[in-house]
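Trainee:
Number of protein chains: 2
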Amino acid sequence: MTEPTAPALPVVRRLPRYYRFFSELKKNGVKNISSRALSELMGLTASQIRQDFSVFGIKGQQGCGYDVTETAAELGGILRLDRRKKAVLIGAGNLGRAISEHMDFEGKGYELIGIFDSDPALTGTVLRGLNIMSESELAAFCLANKPEIAILCVPTEPAPELARLLYDGGVRAFWNFSHANIAAVCPDAVVENVHLSDSLMILSYLYDKNC
Amino acid sequence: MTEPTAPALPVVRRLPRYYRFFSELKKNGVKNISSRALSELMGLTASQIRQDFSVFGIKGQQGCGYDVTETAAELGGILRLDRRKKAVLIGAGNLGRAISEHMDFEGKGYELIGIFDSDPALTGTVLRGLNIMSESELAAFCLANKPEIAILCVPTEPAPELARLLYDGGVRAFWNFSHANIAAVCPDAVVENVHLSDSLMILSYLYDKNC
Chain V
231 MTEPTAPALP VVRRLPRYYR FFSELKKNGV KNISSRALSE LMGLTASQIR
281 QDFSVFGIKG QQGCGYDVTE TAAELGGILR LDRRKKAVLI GAGNLGRAIS
331 EHMDFEGKGY ELIGIFDSDP ALTGTVLRGL NIMSESELAA FCLANKPEIA
381 ILCVPTEPAP ELARLLYDGG VRAFWNFSHA NIAAVCPDAV VENVHLSDSL
431 MILSYLYDKN C
Chain P
231 MTEPTAPALP VVRRLPRYYR FFSELKKNGV KNISSRALSE LMGLTASQIR
281 QDFSVFGIKG QQGCGYDVTE TAAELGGILR LDRRKKAVLI GAGNLGRAIS
331 EHMDFEGKGY ELIGIFDSDP ALTGTVLRGL NIMSESELAA FCLANKPEIA
381 ILCVPTEPAP ELARLLYDGG VRAFWNFSHA NIAAVCPDAV VENVHLSDSL
431 MILSYLYDKN C
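Those sequence lines, one after another, are chains V and P. Numbering of the first sequence is given in my numbering, commencing with residue 231 and proceeding in unit increments. Numbering of the second sequence is given in my numbering, commencing with residue 231 and proceeding in unit increments.
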């Protein structure tokens, strides 16, 4: 696997989708697939797929296309789903609970090692097999357990201070569901934002345009 | 407000963020803001902001910038947050419950009028003030209540059939949390996808690159 240049973000953003499709094909017993057949399945052009794959050094075989098992493994490897990543989740409200219970963290290499909330009523209750801890224990927990990634399911207001505390504790990646600008307080960390209410507003706009 | 050409999707995707910032500025009592001050706040260039705003006919005043109250209202109007949109939510599992309880639907013009689940154990229980209904009641409900938008918090497998049923019942917009390709079964509907597990995979990739 060769990676000649740093891939552009739009290409990177397509990787999980390729991974999902190849995993599904593998599950269905498909052995090989051409970029053309894949393009029909995915709604991308065959040349786009070939170009994306070449960025990551994924090669097909003339005449028989991509080996499904091999390509699925390559894509999973590129996404580093095999790398164990210790994660903490901050905020065990409706959203935090759903995220903790709904997501297949293990399947993506994440190990959820701690859940924290500011509400004393939640402290000590169990979520996804973990005792919810108080946010006041967060700094000491980071020192002792060295989480690498934090999932922020807290409101916008407390998010920057919590992020900074986590950053000082060694966290360098954030899955951010708040609207806070985490990159501003944690300059060299990776931040992946999920702005659900923005998405709902975009749907409102697009729906209206479509009527 | 003039809209000379159909705005490109990346511009549209920035609209909710502008709306959030102007709403926040308004809440904080800010009267006017220049594109330069806004650019520092938002991490976009001032020329990008002016260009985006000009697409939607939003004008500032030479010397004093954008009127905050006026611009917030204009952005909300463009996003059609004032338009009442009847929505149904399908799937009252962890994610569906969190979405129904966490989101400010009303603030974005959505009215949640029905929640459905395939699990008989959930039917009749209350969520966000609504009695969860059986999916077998969905077609009749659409006929009687004419929802316009559906929130799909179901697994990938049943999603296309449910989407088609909703489409036949008049639904033309989907907020899709499943991995199903809804656009393929509902050709002229608007589909806004939220792929949480893709986002988690991208974080894995970016984190690893950043180490």
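Backbone N, C-alpha and C define an ideal beta-carbon position, used for all residues, glycine too. Only a predicted model underlies this, so the values are computations on that prediction, with no experimental measurement involved.
Alpha carbon to alpha carbon, what distance is there between V:I381 and V:L319?
Mentor: Residue numbering aside, residue 319 of chain V sits at position 89 when the first sequence is read from its first letter. Residue numbering aside, residue 381 of chain V sits at position 151 when the first sequence is read from its first letter. Roughly 5 Å between the two C-alpha positions.
Trainee: Beta-carbon within less than 8 Å of P:T232's beta-carbon, same chain only, minus the 5 sequence neighbours each way: which residues are those?
Mentor: Stepping through the second sequence from its first residue, residue 232 of chain P is reached at position 2. At P:T232 the pLDDT is 48, less than 50, meaning the model places this residue with poor confidence; the figure from the coordinates comes in the next sentence. Only G287 meet the Cβ criterion.
Trainee: Check whether the stretch 373-390 of chain V and the stretch 290-302 of chain P are in contact - that is, three or more C-beta pairs closer than 8 Å.
Mentor: Touching, no, given that fewer than three Cβ pairs across the two stretches are closer than 8 Å.
Trainee: How many Å lie between V:M333 and P:L357 at the Cα?
Mentor: Here residue 333 of chain V refers to the residue found at position 103 of the first sequence. Here residue 357 of chain P refers to the residue found at position 127 of the second sequence. So the alpha carbons of these two residues sit roughly 21 Å apart.
Trainee: Can you name, in chain order, every residue of its own chain whose Cβ lies under 6 Å from the Cβ of V:N423, other than the five neighbours on each side?
Mentor: In the first sequence, residue 423 of chain V corresponds to position 193, counting from 1. For V:N423, same chain residues with a beta-carbon under 6 Å away, outside a window of 5 residues either side, are N406 in chain order.
Trainee: Of all Cβ atoms in chain V, is any one closer than 8 Å to the Cβ of P:E422?
Mentor: Mapped onto the second sequence, residue 422 of chain P falls at position 192. Yes - at least one Cβ of chain V is within 8 Å of the one on P:E422.
Trainee: P:L311 by DSSP, collapsed to three states: which one?
Mentor: In the second sequence, residue 311 of chain P corresponds to position 81, counting from 1. Looking at P:L311 - three-state DSSP - the assignment turns out to be coil, as it is neither helix nor strand.
Trainee: Taking the straight line between their C-alpha atoms, what separation do you get for V:S427 and V:K261?
Mentor: The count along the first sequence starts at 1 and reaches residue 427 of chain V at position 197. The count along the first sequence starts at 1 and reaches residue 261 of chain V at position 31. Approximately 41 Å between the Cα atoms of the pair.
Trainee: Whole angstroms is fine: what's the gap from V:D398's alpha carbon to V:G290's?
Mentor: The residue you call residue 398 of chain V lines up with position 168 of the first sequence. The residue you call residue 290 of chain V lines up with position 60 of the first sequence. Cα-Cα distance, rounded: 44 Å.
Trainee: Count Cβ pairs between the stretch 401-415 of chain V and the stretch 344-363 of chain V that sit closer than 8 Å; are there 3 or more?
Mentor: Two segments are said to touch when three or more pairs of C-beta atoms, one from each, lie closer than 8 Å; by this definition the stretch 401-415 of chain V does not touch the stretch 344-363 of chain V.
Trainee: Take V:C383 as the anchor and find which of V:F371, V:N440, V:F404 and V:S408 has the nearest alpha-carbon.
Mentor: Walking along the first sequence from the start, residue 383 of chain V turns up at place 153. If we check each option's Cα against that of V:C383, V:S408 comes out closest.
Trainee: Using the rule of at least 16 other Cβ atoms within 10 Å of the residue's Cβ for burial, across every protein chain shown, is P:D312 buried or exposed?
Mentor: One-based indexing of the second sequence puts residue 312 of chain P at position 82. Taking every protein chain shown into account, the CB of P:D312 has fewer than 16 other CB atoms within 10 angstroms, so this residue is exposed.
Trainee: Using a Cβ-Cβ cut-off of 7 Å (strictly less than) and excluding sequence neighbours within five positions of V:R402, which residues of its own chain qualify?
Mentor: Along the first sequence, read from residue 1 onward, the residue named residue 402 of chain V stands at position 172. Only E378, A419 and V420 meet the Cβ criterion.
Trainee: Who are the neighbours of V:A328 on chain B, taking C-beta pairs under 7 Å?
Mentor: In the structure shown, chain B cannot be found, because the protein chains are V and P.
Trainee: Curious, which full-length beta strand (DSSP E) runs of at least 3 residues does the stretch 321-402 of chain V contain?
Mentor: Listed in chain order, they are 340-347 and 379-382.
Trainee: To the nearest whole angstrom, what separates the beta carbons of P:A322 and V:N324, a pair I think is in contact under 8 Å?
Mentor: In the second sequence, the residue the question calls residue 322 of chain P occupies position 92. In the first sequence, the residue the question calls residue 324 of chain V occupies position 94. 13 Å between Cβ atoms; not a contact.
Trainee: What is the DSSP secondary structure of P:N238, counted as helix, strand or coil?
Mentor: Numbered from its first residue, the second sequence carries residue 238 of chain P at position 8. Per the sequence shown, the amino acid found at residue 238 of chain P is Ala instead of Asn. DSSP places P:A238 in the coil class of the three-state scheme, outside both helix and strand.
Trainee: Would you call P:L342 buried or exposed, if buried means 16 or more other Cβ atoms sit within 10 Å of its Cβ?
Mentor: In the second sequence, residue 342 of chain P corresponds to position 112, counting from 1. Answer is buried; the Cβ neighbour count reaches 16.
Trainee: Quick check on V:K439: buried or exposed, where buried means 16 or more other Cβ atoms within 10 Å of its Cβ?
Mentor: To locate residue 439 of chain V, count along the first sequence from 1; it is residue 209. V:K439 should be labelled exposed.
Trainee: Return no unless some Cβ of chain P is closer than 8 Å to the Cβ of V:I339.
Mentor: For this step, residue 339 of chain V is matched to residue 109 along the first sequence. A quick correction: the sequence has Gly, not Ile, at residue 339 of chain V. Closer than 8 Å: yes.
Trainee: Hey, quick one: how far does the alpha helix (DSSP H) through V:N440 stretch, first residue to last?
Mentor: Position 210 of the first sequence, counting from 1, holds the residue named residue 440 of chain V. Run containing V:N440: L426 to N440, per the alpha helix (DSSP H) assignment.
Trainee: With a cut-off of 8 Å, does the C-beta of P:K257 fall near any C-beta of chain V?
Mentor: Residue mapping note: residue 257 of chain P aligns to position 27 of the second sequence, counting from 1. No, its Cβ sits nowhere closer than 8 Å to a Cβ of chain V.
Trainee: Does the separation of the CB atoms of P:K316 and P:N375 fall below 8 Å?
Mentor: Along the second sequence, one-based indexing puts residue 316 of chain P at 86. Along the second sequence, one-based indexing puts residue 375 of chain P at 145. Yes; because the gap between Cβ atoms is below 8 Å, this pair is in contact.
Trainee: Hey, how far is the Cα of V:L433 from the Cα of V:L373?
Mentor: Looking up residue 433 of chain V in the first sequence gives position 203. Looking up residue 373 of chain V in the first sequence gives position 143. Cα to Cα, V:L433 sits roughly 42 Å from V:L373.
Trainee: Restricting to Cα atoms, I'd like to know which of V:F371, V:M431, V:R266 and V:V241 is closest to V:G400.
Mentor: Counting from 1 along the first sequence, the entry for residue 400 of chain V is found at position 170. It is V:F371 whose Cα lies nearest to the Cα of V:G400.
Trainee: P:S265 versus chain V: which residues are under 7 Å apart at the beta carbon?
Mentor: What you label residue 265 of chain P is simply residue 35 of the second sequence in a count that begins at 1. None at all; the shortest Cβ gap to chain V is about 18 Å.
Trainee: Between V:V298 and chain P, is the shortest Cβ-Cβ distance under 8 Å, so that the two count as touching?
Mentor: Locating residue 298 of chain V in the first sequence gives position 68, where the first residue counts as 1. Answer no: the Cβ-Cβ gap between V:V298 and chain P never drops below 8 Å.
Trainee: Report yes if the CB atom of P:V242 is closer than 8 Å to the CB atom of V:Y249, and no otherwise.
Mentor: Within the second sequence, residue 242 of chain P is the residue found at index 12, counting from 1. Within the first sequence, residue 249 of chain V is the residue found at index 19, counting from 1. No.
Trainee: Helix, strand or coil: how does DSSP classify V:K261 here?
Mentor: Within the first sequence, residue 261 of chain V is the residue found at index 31, counting from 1. In the structure shown, V:K261 sits in coil (DSSP, three-state: anything other than H, G, I, E or B).
Trainee: Which residues in the same chain have their Cβ closer than 8 Å to the Cβ of P:Q278, if we skip the five residues on either side of it in sequence?
Mentor: Start at 1 with the first residue of the second sequence, and residue 278 of chain P comes out as number 48. So the list reads S269, once near-sequence residues are dropped.
Trainee: Since P:S284 contacts P:A276 with CB under 8 Å, what's their CB separation in whole angstroms?
Mentor: Here the question's residue 284 of chain P lines up with position 54 in the second sequence. Here the question's residue 276 of chain P lines up with position 46 in the second sequence. Not quite, the Cβ-Cβ distance comes to about 12 Å (not below 8 Å), so this is no contact.
Trainee: Classify V:E336: buried if its beta carbon has 16 or more other beta carbons within 10 angstroms, exposed otherwise.
Mentor: Position 106 of the first sequence, counted from the first residue, corresponds to residue 336 of chain V. With fewer than 16 Cβ atoms within 10 Å of its Cβ, V:E336 is classed as exposed.
Trainee: Less than 7 Å between C-beta atoms, sequence neighbours within five positions excluded: which residues of the same chain meet that for P:G306?
Mentor: As a position in the second sequence, residue 306 of chain P is number 76, starting the count at 1. Around P:G306: Y249 and D312.
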